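From first to last, the protein sequence lines are chains E and Y.
Everything in the first sequence is counted per the working numbering, starting at 459 for the first residue and increasing by one.
Everything in the second sequence is counted per the working numbering, starting at 19 for the first residue and increasing by one.
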Amino acid sequence: GAGVSQSPRYKVAKRGQDVALRCDPISGHVSLFWYQQALGQGPEFLTYFQNEAQLDKSGLPSDRFFAERPEGSVSTLKIQRTQQEDSAVYLCASSLSSVSYNEQFFGPGTRLTVL
Amino acid sequence: ILNVEQSPQSLHVQEGDSTNFTCSFPSSNFYALHWYRWETAKSPEALFVMTLNGDEKKKGRISATLNTKEGYSYLYIKGSQPEDSATYLCASVNTGFQKLVFGTGTRLLVSP
């Protein structure tokens, strides 16, 4: 079956530009996560949705970052006025339920480069 | 241990060698440990989810152990193959939280 998909796979933005990254989770998965992986680092948590409710956004680095999942399926991560330090791979993951030990299924990521 | 740490950072072995990596994590409020395998330009692939102290899991030539009291997990690969070349990530989950806290990964290169 289809896994988690993300688009675009690669995005180059000029500093100050707004970007929107899309995540299509596995159908029926309740939980959705966004992670940011900077070069040489492990992925770091950004935000978590259970259906359409954003239950944890403690990892969002600034108010320029905004995520939504309005119908409890597709999610969009928006970054306003991008800065060079936003350059990273943005990973989306989904999980069947809200149980903490459930496997998270990852998409291939969107590599964002801010010039 | 305050963060999830992995060692070594990178490893280069010959085909047929067996190898192992270490993941250290905070033992307080521990709930689960995940191992992922991430090949370049692909999605991270889940290998194991472990919750119980002393647990050992195996998938083909890859196995993992867990010590929750001292806060470490080992990943073993027996008879490495070139297709095992990837970055291996571990991530812990704390009680009451959903998010994965990742280490920086071990990059494995297996030469034919």
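Each residue gets a CB set at the ideal place from its N, CA and C atoms; glycine is no exception.
Here the structure is a predicted model, which is why all the values come from computation and not from measurement.
Can you confirm whether residue i, when its beta carbon is compared against all beta carbons of chain E, has any partner nearer than 8 angstroms?
| i | result |
| --- | --- |
| Y:Lys76 | no |
| Y:Thr122 | yes |
| Y:Pro62 | yes |
| Y:Lys96 | no |
| Y:Leu126 | no |
| Y:Gln116 | yes |
| Y:Leu107 | yes |
Step through the CB atoms of chain Y and report whether any lies within less than 8 angstroms of the CB of residue i.
| i | result |
| --- | --- |
| E:Tyr468 | no |
| E:Phe564 | yes |
| E:Gln512 | no |
| E:Glu526 | no |
| E:Pro483 | no |
| E:Pro501 | yes |
| E:Val532 | no |
| E:Phe523 | no |
| E:Ser556 | yes |
| E:Val477 | no |
| E:Tyr506 | yes |
What is the DSSP secondary structure of residue i, counted as helix, strand or coil?
| i | result |
| --- | --- |
| Y:Glu23 | strand |
| Y:Asp102 | helix |
| Y:His30 | strand |
| E:Val488 | coil |
| E:Asp476 | coil |
| Y:Lys117 | coil |
| E:Arg467 | coil |
| E:Leu573 | coil |
| Y:Asp35 | coil |
| Y:Ala109 | strand |
| Y:Thr122 | coil |
| E:Val462 | coil |
Taking all protein chains shown into account, do 16 or more other C-beta atoms lie within 10 angstroms of the C-beta of residue i, making it buried, or fewer, making it exposed?
| i | result |
| --- | --- |
| Y:Gly78 | exposed |
| Y:Ala104 | buried |
| E:Val470 | exposed |
| E:Ser489 | buried |
| E:Asn560 | buried |
| Y:Leu118 | buried |
| E:Thr540 | buried |
| E:Asp476 | exposed |
| E:Val557 | exposed |
| E:Thr568 | buried |
| Y:Thr124 | buried |
| E:Asp521 | exposed |
| Y:Arg55 | buried |
Considering only the alpha carbon of each residue, which of the options lies closest to residue i?
| i | options | result |
| --- | --- | --- |
| Y:Ala59 | E:Cys481, E:Arg467 and E:Asp476 | E:Arg467 |
| Y:Pro44 | Y:Thr37, Y:Ser129, Y:Ser91 and Y:Ile95 | Y:Ser91 |
| Y:Ala64 | Y:Ala82, Y:Gly72 and Y:Phe48 | Y:Ala82 |
| Y:Ser28 | Y:Val22, Y:Gly34 and Y:Asn38 | Y:Asn38 |
| E:Cys481 | E:Lys472, E:Phe491 and E:Ser520 | E:Phe491 |
| E:His487 | E:Pro519, E:Ala460, E:Gly500 and E:Gly517 | E:Ala460 |
| E:Phe524 | E:Gln499, E:Ser516 and E:Ala496 | E:Ser516 |
| E:Gly565 | E:Gly500, E:Leu573, E:Thr571 and E:Val547 | E:Val547 |
Complete runs of the beta strand (DSSP E) confined to the segment 491-559 of chain E [at least 3 residues]: 502-508, 511-514, 523-526, 533-537 and 546-553
Ignoring anything shorter than 3 residues or poking outside the segment 40-92 of chain Y, list the beta strand (DSSP E) runs there in chain order. 48-56, 63-68, 74-77 and 80-85
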